[in-house]
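Asker:
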Amino acid sequence: GAVVSQHPSWVICKSGTSVKIECRSLDFQATTMFWYRQFPKQSLMLMATSNEGSKATYEQGVEKDKFLINHASLTLSTLTVTSAHPEDSSFYICSATGLAGRAYEQYFGPGTRLTVT
Amino acid sequence: EDQVTQSPEALRLQEGESSSLNCSYTVSGLRGLFWYRQDPGKGPEFLFTLYSAGEEKEKERLKATLTKKESFLHITAPKPEDSATYLCAATYQAGTALIFGKGTTLSVSS
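Going line by line, the protein sequences match chains A and B. The opening position of the first sequence corresponds to residue 9 in the numbering used here, with each subsequent residue numbered one higher. The opening position of the second sequence corresponds to residue 23 in the numbering used here, with each subsequent residue numbered one higher.
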């Protein structure tokens, strides 16, 4: 149990275009989902927290209009990088919590590698 | 300020050479201490949750322990496939983001 998937696993897009990344909890209902980005050889950096049906809470320094997060259902959250630029190239990872009886545990997706050319 | 600190940053072991990774924390009202394994280019893989001081959990060659100030991940007779970055994280409330350490990168050579 507690499987989280992400799609796509990797994506290349041109500068100025938008790209959407999906995060799904496959076998449990995720009350809360988190989005992280990770640069090479660095730890995870939290971008935002999202609860189903509510607006996401963004960390300081993360542009809300650039990184659009939608948590429309208890199993799906999406991250849209709008008007992407090369500096947005990174590894994006989502996590989900809400597994019955294990409220404190978070389970991570496999990550999405974004390259902006 | 709530904080999680891992040491060492990097650890090189020979196959079969047991060792321990350290995670010290200053988190008010700790509700859970977590260990994850992360391979290059992949998301963190859940290993253990520890809830209270004195608790221990084991999985294959790994054993995690918890005291009131720190947690240890003991690796017994490691194999090359145990090479990865091991992340420690803590939380004080369900539904909130984990507080991560910077990780320990373990390399096991045969």
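Where a beta carbon is used, it is the ideal one built from N, C-alpha and C, also for glycine. Just so we're clear, the structure is a prediction, and the values are computed from it rather than from any experiment.
1) For a contact meaning CB atoms closer than 7 Å, what does Thr-113(B) contact in chain A?
2) Rounded to the nearest angstrom, what separates Thr-25(A) and Arg-53(B) at their Cα positions?
3) At a CB-CB cut-off below 9 Å, which residues of chain B make contact with Ser-85(A)?
4) Could you please give me the residues that DSSP links to Arg-32(A) through a beta bridge?
5) At the 8 Å Cβ level, is Ala-99(B) part of the contact set with chain A, yes or no?
6) Which residues in chain A have a C-beta closer than 7 Å to the C-beta of Pro-66(B)? List them in chain order.
7) What would DSSP say about Glu-95(A), mapped onto helix, strand or coil?
8) Quick check on Phe-42(A) - is its C-beta less than 8 Å from some C-beta in chain B?
9) Can you look up Glu-103(B) in the DSSP assignment and give me helix, strand or coil?
10) Report the CB separation of Leu-122(A) from Ser-98(A) in whole angstroms; it is logged as a contact under 8 Å.
11) Can you name the residues of chain A whose CB is closer than 9 Å to the CB of Leu-43(B)?
12) List the whole-angstrom C-beta distance separating Leu-69(B) from Tyr-58(B), where the pair is believed to meet the contact cut-off of C-beta under 8 Å.
13) Do Gln-46(A) and Leu-82(A) have their beta-carbon atoms positioned less than 8 Å apart in this structure?
14) With 8 Å set as the bound, which would you pick, yes or no: does the beta-carbon of Arg-59(B) sit closer than that to a beta-carbon of chain A?
15) Beta-carbon within less than 7 Å of Gln-36(B)'s beta-carbon, same chain only, minus the 5 sequence neighbours each way: which residues are those?
16) With a cut-off of 8 Å, does the C-beta of Gly-69(A) fall near any C-beta of chain B?
17) Tell me where the beta strand (DSSP E) around Ala-64(A) begins and ends.
18) Report the option in Asp-96(A), Glu-67(A), Val-27(A), Ser-58(A) whose CA atom is closest to the CA atom of Ala-80(A).
19) Using DSSP with H/G/I as helix, E/B as strand and the rest coil, what is Ser-129(B)?
20) Does any residue of chain B bring its CB to less than 8 Å from the CB of Ile-101(A)?
21) List the endpoints of the continuous beta strand (DSSP E) containing Gln-36(B).
Answerer: According to the data block:
1) Tyr-112
2) 42 Å
3) Within 9 Å Cβ-Cβ: nothing; Ser-85(A) doesn't reach chain B, min ~14 Å.
4) Ser-13(A), Leu-84(A)
5) no
6) Phe-116
7) helix
8) yes
9) helix
10) 6 Å
11) Neighbours of Leu-43(B) on chain A: none; closest Cβ ~15 Å, over 9 Å.
12) 6 Å
13) no
14) Judged by the 8 Å Cβ criterion, Arg-59(B) is not in contact with chain A.
15) Ser-131
16) In terms of beta-carbon proximity, Gly-69(A) stays away from the interface with chain B, with every pair separated by 8 Å or more.
17) Segment: none, Ala-64(A) is in no beta strand (DSSP E) and carries neither H nor E.
18) Ser-58(A)
19) strand
20) yes
21) 32-36
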